[in-house]
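**Q**
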DNA sequence: GGATTAACGCGAACTTGCTCGCGTTAACCA
DNA sequence: TGGTTAACGCGAGCAAGTTCGCGTTAATCC
């Protein structure tokens, strides 16, 4: 019996594997820059990244998987603002989102992910869970505001954060125009006014809960 | 010279052509019902409609064209409410939108159209113009409200209507959950509060204009 | 360093989606 | 009613995109 060096069947995350991963995701991102999702093809990604076509299919199966992974990668380093007041937090986050989607490649990425989710159940699950986690996280901002007495106790944090994001995705996916600071400002102002008016109150009037809703 | 019966090169919109068109669009809509956009393929549409594959490609070139045409078809008969007050109009329209997207096939159709727009420039133009026209039309509701003095004079009608629609498309495309009456109610309440707070004021403070913005 | 084996490169084979040419059907008009 | 021809049905042919088998490279551990 050959004492296995590192449990045969295990993956090798380091070195070359990580390099190809980076090369491919970078290539996808750049490809989104010229031509958007329309011009995205396995062949072009292979050429741009210098990674062989067969390798791409082996690791990601299809483009859907790539764009999902890229989204998670790019969104990793986004911090929650904490200015001390909800309107301040909303403005800060809204402008952060606006700046993020100011880049056409990121807008194309969102298009790509939504398209992927529409066709591939696996991609759909990734997308859903990704945004759910993000809403839960950002919802803390609202929880703090409720604790400070800025909003009604029955305000649903996730609904508030959905409402903050919605105008951006409408702009990108439906109106199909660039995202600018004016949109960010409008979104923050609108959500703050709507939340104070009780538009995001839970139907059953349950009090706002913390992040862990397990 | 043969006196042309109906200008050679002309199309023949009646009879068989109209029938196949109806059969195909109906088949697309039904296909969206079982399996959504993922299961949509030219071959399946051909089988379900009983129209030959080559005919589909000749008339629509690709699936993108079909879903765009279907969207225009389905949305043709949507009326603007006129209850006498903006909050009333907003609630009515919001619930109409909610009812429209209560059907999973229509949600799948929107996914399909957005996916189509992401890949095909022609489909993108169709989508953009379609929603732009719709916003302009619905904006009349806001123009009336401004004239009644319910909203500031510098309110941008299209921005208000965008804000009303945004939560639905966020729910469908990003959150990927069904649309319900609670969402419709929330959207209407939110937009009304936000509009009164001046969230949709034009940056330059120009007064609200009519539908024709030339 | 040396042995083991994931991960990769390469090209051929395969599958799928799409197009083309031709004969047939049925709108449209006189 | 009959002539003209757009629109359709049909199957073969073409061009993508995708998979497979095998040899090579380079992580990983001893």
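Residue numbers (our numbering), protein chains in the order written: chain A, 1 to 214; chain B, 215 to 428.
Backbone N, C-alpha and C define an ideal beta-carbon position, used for all residues, glycine too.
1. Looking at the structure shown, is residue 8 of chain A part of a helix, part of a strand, or coil, going by DSSP?
2. Tell me which residues share the same chain as residue 24 of chain A and place their Cβ nearer than 6 Å to its Cβ, disregarding the 5 neighbours each side in the sequence.
3. Scan the region 368-400 of chain B and note each continuous alpha helix (DSSP H) run of 4 residues or more that stays entirely inside, going in chain order.
4. For the region 16-40 of chain A, list every residue whose C-beta sits within 8 Å of some C-beta in chain B, in sequence order.
5. Just to confirm before moving on: does the CB-CB distance between residue 297 of chain A and residue 381 of chain B stay below 9 Å?
6. Enumerate in chain order the residues of its own chain whose CB-to-CB distance from residue 184 of chain B is below 7 Å, with the five nearest sequence positions on each side excluded.
7. Given that a residue counts as buried once 16 or more other Cβ atoms are within 10 Å of its Cβ, and exposed if not, what is residue 146 of chain A?
8. Return yes when the Cβ of residue 175 of chain A is within less than 9 Å of the Cβ of residue 404 of chain B, no when it is not.
9. Could you check whether the Cβ of residue 165 of chain A sits closer than 9 Å to any Cβ belonging to chain B?
10. Counting only the same chain and skipping the five closest in sequence on each side, list residues whose C-beta sits under 6 Å from that of residue 142 of chain A.
11. For residue 243 of chain B versus residue 284 of chain B, is the C-beta spacing smaller than 9 Å?
12. Kindly provide the ranges of any alpha helix (DSSP H) runs that are 4 or more residues long and lie completely inside the region 69-146 of chain A, ordered along the chain.
13. Are residue 193 of chain A and residue 408 of chain B closer than 9 Å when you measure CB to CB?
14. Rounded to whole angstroms, what is the Cα-Cα separation between residue 377 of chain B and residue 154 of chain A?
15. On the three-state DSSP scale, how would you describe residue 413 of chain B?
16. With DSSP as the reference, label residue 41 of chain A as helix, strand or coil.
17. Just to make sure I have the definition right: I need the residues of chain A whose C-beta is within less than 8 Å of the C-beta of residue 373 of chain B. Which are they?
18. So residue 178 of chain A contacts chain B; which residues on that side make the cut at Cβ distance below 9 Å?
19. Return the CA-CA distance between residue 345 of chain B and residue 173 of chain A, expressed in angstroms with no decimal places.
20. Check whether the Cβ of residue 191 of chain A lies closer than 9 Å to any Cβ atom in chain B.
21. Output needed for residue 232 of chain B: all residues of its chain with C-beta closer than 6 Å, excluding positions within five of it in sequence on either side, in chain order.
22. Would you kindly work out how many angstroms separate the C-alpha atoms of residue 58 of chain A and residue 68 of chain A, rounded to a whole number?
23. What distance in whole Å lies between the Cβ atoms of residue 312 of chain B and residue 398 of chain B, which are believed to be in contact at a cut-off of 8 Å?
24. For residue 316 of chain B, collect the residues of the same chain with a Cβ closer than 8 Å to its Cβ; drop the 5 residues on either side in sequence, then sort them by chain order.
25. Can you tell me whether residue 82 of chain A is buried or exposed, with buried defined as 16 or more other CB within 10 angstroms of its CB?
26. Quick one, which of A:196, A:22, A:45 has its alpha-carbon nearest residue 73 of chain A's?
27. Sort A:150, A:60, A:170 by Cα distance to residue 120 of chain A and report the nearest one.
28. Applying a beta-carbon distance threshold of less than 8 Å, which residues of chain B neighbour residue 203 of chain A?
29. Go to residue 247 of chain B, then tell me how far its alpha helix (DSSP H) extends in each direction, as first and last residue.
30. By alpha-carbon positions, which one of A:197, A:41, A:133 ends up nearest to residue 76 of chain A?
31. Could you have a look at residue 59 of chain A and say whether DSSP puts it in helix, strand or coil?
32. Which residues in the same chain as residue 151 of chain A place their Cβ atom closer than 6 Å to its Cβ, once the five residues preceding and following it in sequence are excluded?
33. What are the residues of the region 324-338 of chain B that lie near chain A, defined by any Cβ-Cβ distance shorter than 8 Å?
34. Please confirm whether residue 278 of chain B and residue 258 of chain B have their CB atoms less than 9 Å apart.
**A** Based on what the coordinates show:
1. Confidence at residue 8 of chain A is low in this model, with a pLDDT of 47, below 50, so the placement of that residue is unreliable and no value is reported for it.
2. Only 49, 51 meet the Cβ criterion.
3. Taking only runs of at least 4 residues, the alpha helix (DSSP H) segments lying wholly in the region 368-400 of chain B are 371-383.
4. Residues 36, 37, 38.
5. Residue 297 of chain A is absent from the structure shown; chain A starts at 1 and stops at 214.
6. This structure gives no information on residue 184 of chain B, because the portion of chain B shown stretches from 215 to 428.
7. buried
8. Not in contact: residue 404 of chain B and residue 175 of chain A (Cβ atoms no closer than 9 Å).
9. yes
10. Same-chain partners within the cutoff: 157, 160.
11. Contact flag set, yes.
12. Here the runs fully enclosed are 86-100, 104-119.
13. yes
14. 23 Å
15. coil
16. DSSP places residue 41 of chain A in coil when its eight states are reduced to three.
17. 186
18. Near residue 178 of chain A there are no residues of chain B at all, since even the closest Cβ is about 13 Å away, more than 9 Å.
19. It is roughly 11 Å from the alpha-carbon of residue 345 of chain B to the alpha-carbon of residue 173 of chain A.
20. At least one C-beta of chain B is nearer than 9 Å to the C-beta of residue 191 of chain A.
21. none
22. Residue 58 of chain A and residue 68 of chain A: Cα-Cα distance of roughly 16 Å.
23. 3 Å
24. 392, 393, 394
25. exposed
26. A:22
27. A:60
28. 396
29. If you look at residue 247 of chain B, you'll find it in the alpha helix (DSSP H) that goes 229-247.
30. A:133
31. helix
32. For residue 151 of chain A, where only same-chain residues beyond five positions count, the Cβ hits under 6 Å are 145, 195.
33. 325, 326, 328, 329, 331, 332, 333, 334, 335, 338
34. no
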